[in-house]
Amino acid sequence: MSIEWLVRIATEYWPMFVRGARMTLLLATVGTIVGFFIGLLVGAVRTVPREGGLIRRVLLWIVDAVLAVYVEVFRGTPMIVQAMVIYYGSAIALGLHMDKLTAALFIVSVNTGAYMAEIVRGGIVSIDKGQFEAAQAIGMNHWQTMLYVILPQVVRNILPATGNEFVINIKDTSVLNVISVTELFFQGKSVAGGNFRYFETFLVISAIYLILTFTVTRILRYIERKLDGPEHFIPYANQMQVQTPEDILRKKRNAVGY
Amino acid sequence: MNNVIEIKHLSKSFGAHQVLKDIDFSVRAGEVVCIIGSSGSGKSTLLRCINLLEKPSGGQIIYRGQDILTNPSNVYALRAKLGMVFQQFNLFNNYDVLGNCVVGQMKVLRRSREEAEEMALKYLRLVGMEQFIHARPRQLSGGQKQRVAIARALAMEPDVMLFDEPTSALDPEMVGEVLKVMATLAASGMTMLIVTHEMAFAREVAHRVVFMDQGVIAEEGPPEQIFINPQQERTRQFLQRTQRRQ
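Chains as they are written, first to last, in the working numbering: chain A, -6 to 251; chain B, 32 to 277.
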């Protein structure tokens, strides 16, 4: 290894690396966010109570079976294989010529969705039964209960797992180089292919990956802490004692412009 | 006929285990009824059947003249009219105190935010929690949580309040603050159905006390009868056991 080569590669090819890193971040971010919502939807649908009329129950069973197959298939096969099958397969079998970026975004999203579905399902199951009962006792139906009481708590609880998925996506989108998406790994391959300095080039690439994942982890940790708020509550903290609860509400309302 | 709730031949089984056997029972408007009995006697199940958190196995539950079991289409509207307070408080963890009291009003009753907040504040004041509107449930003590839970139920302006052992999960020194709120509520003329182990409270506040044993109503009557001159042997034995404990 030579330091000169490291420096040379970093200074000479940095625009390519930046473009690669941007593509990687785009794929990972979109994939995680879309996958997150797929997961929420699938998780919520799969926990709908199986009751009501016969038709309703049969329908629920079918939907659940389809979703179970989706989760099993996409969790049970490597993303690199999914990429080949979906990108080349759709062109040959369906005559559907997807643009590379679209295909890549689709693959990462659907793949992440399968993992997130299970994470969300676990998150819903782990919410205390009392939360469901309290929401029902107040007159909420299943969807209101999910939307306003359960899922917000699930989202908070699965945030660490989601962050984990994000980090995994940053790294694992590198497999999408098989369909020539110009993400970070692909750029590294191109550079190394030109200068034959595989070790130095990929040392730079790994440093960039590490910076990306480390930064993302820190940001997520910060968001978690923000969401949790302080451990203790002091009534009227930092407020003038003469304020009534109405004053506080009115002020808040004016500030956000209800 | 001023029965708000009328229960006829109600039964409930969990598998082979029959928890409620042929219960006949009614609550009049403005009445405060306390249900007492040992654990496993079916008193909580009876309460939970009334707002259909448990699905009864047989019998009728008639709410203001309508059988709610044969006509289940409006479960949600019915539940909105029956305020429920749980042993474990069950405040929504994703909302602050105000949010807990507002979300049901806005989503179920479709009230505007202003209207809902005003209503919430009115009842939070009643339970003495108006200073905590922006506190999170985990920042509150058990007694405070339960008072918020009561305010949350009241803000829906229910017809009947159901209490499922509201003080059983509380530290002894917090029981008083919750019972005080409940006594105030009883004095205001609210129809209340309370499952409780607080005998002194039942004796003082209830218009009628129902003693349940092994899935049946063993005895019911005014508190003087139940506590001073019980007619049934098993009522007497139960009360002796609880007194010895206290």
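We treat Cβ as the ideally placed atom computed from N, Cα and C, and that holds for glycine.
All of these numbers come straight from a predicted model, not from anything done at the bench.
Going along chain A in order, which residues have a C-beta closer than 9 Å to the C-beta of residue i?
i, result
"Leu117 of chain B", "Looking at the sequence provided, one finds Phe at residue 117 of chain B rather than Leu. Chain A residues near Phe117 of chain B: Gly123, Glu126, Ala127, Ala130."
"Asn82 of chain B", "Gln129, Ala130"
With 16 other CB atoms within 10 Å as the buried threshold, where does residue i fall?
i, result
"Val58 of chain B", "buried"
"Ile2 of chain A", "buried"
"Tyr126 of chain B", "buried"
"Glu62 of chain B", "buried"
"Lys74 of chain B", "buried"
"Gly116 of chain A", "buried"
"Asn105 of chain B", "exposed"
"Val62 of chain A", "exposed"
"Thr95 of chain A", "exposed"
"Thr215 of chain B", "exposed"
"Tyr202 of chain A", "buried"
"Ala184 of chain B", "buried"
"Ser102 of chain A", "buried"
"Pro223 of chain A", "exposed"
"Gln97 of chain B", "exposed"
Counting only Cβ pairs nearer than 8 Å, list the residues of chain A close to residue i.
i, result
"Ile164 of chain B", "Pro238, Ile241, Leu242"
"Ala111 of chain B", "Ile131, Gly132"
"Arg167 of chain B", "Gly222, Phe226"
Any heavy atom of the ligand ADP inside 7 Å of the beta-carbon of residue i?
i, result
"Trp7 of chain A", "Of the ligands one can find in the structure shown there are none, so the ligand ADP has no counterpart to examine."
Mind pulling the chain B residues with CB within less than 9 Å of residue i?
i, result
"Val142 of chain A", "Phe123, Asn124, Asn125, Tyr126, Val134"
Taking residue i as the query, report the chain B residues whose CB atoms sit under 8 Å from its CB, ordered along the chain.
i, result
"Met133 of chain A", "Tyr107, Gly135, Lys138, Val139"
"Gln137 of chain A", "Lys138, Val139"
Please compile the residues from chain A whose C-beta is within a distance smaller than 7 Å of the C-beta of residue i.
i, result
"Asn102 of chain B", "Near Asn102 of chain B there are no residues of chain A at all, since even the closest Cβ is about 15 Å away, more than 7 Å."
Run through DSSP, which three-state label would residue i get?
i, result
"Met77 of chain A", "helix"
"Met133 of chain A", "coil"
"Gly69 of chain A", "helix"
"Pro168 of chain B", "helix"
"Arg142 of chain B", "coil"
"Ile99 of chain B", "coil"
"Lys153 of chain B", "helix"
"Leu140 of chain A", "helix"
"Glu251 of chain B", "strand"
"Ile227 of chain A", "coil"
"Leu270 of chain B", "helix"
"Gln175 of chain B", "helix"
"Leu113 of chain B", "strand"
"Asn131 of chain B", "helix"
"Gln119 of chain B", "coil"
"Glu235 of chain B", "helix"
"Lys43 of chain B", "strand"
"Lys86 of chain B", "coil"
"Leu193 of chain B", "strand"
"Asp57 of chain A", "helix"
"Met137 of chain B", "helix"
"Gln124 of chain A", "helix"
"Glu188 of chain B", "coil"
So residue i contacts chain B; which residues on that side make the cut at Cβ distance below 7 Å?
i, result
"His225 of chain A", "Gln170"
Report yes or no: is there a C-beta of chain B within less than 8 Å of the C-beta of residue i?
i, result
"Pro145 of chain A", "yes"
"Asn231 of chain A", "Here Asn231 of chain A scores only 48 on pLDDT, less than 50, and its place in the model should not be relied on; the value that follows carries that caveat. No, its Cβ sits nowhere closer than 8 Å to a Cβ of chain B."
Please check if any C-beta of chain A sits within less than 8 Å of the C-beta of residue i.
i, result
"Asp210 of chain B", "As written in the sequence, residue 210 of chain B is Leu, which differs from the Asp given in the question. Not an interface residue."
"Met223 of chain B", "no"
"Met150 of chain B", "no"
"Met187 of chain B", "yes"
"Glu161 of chain B", "yes"
Got a sec, what are the start and stop residues for the alpha helix (DSSP H) residue i sits in?
i, result
"Thr206 of chain A", "191 to 221"
"Thr4 of chain A", "-4 to 39"
"Asn104 of chain A", "93 to 118"
"Phe159 of chain A", "152 to 165"
"Ile81 of chain B", "74 to 81"
Over what stretch of residues does the beta strand (DSSP E) that includes residue i continue unbroken?
i, result
"Gln91 of chain B", "89 to 94"
"Phe179 of chain A", "Phe179 of chain A -> not in any beta strand (DSSP E); alpha helix (DSSP H) instead, spanning 177 to 188."
"Ile67 of chain B", "63 to 67"
"Val58 of chain B", "48 to 59"
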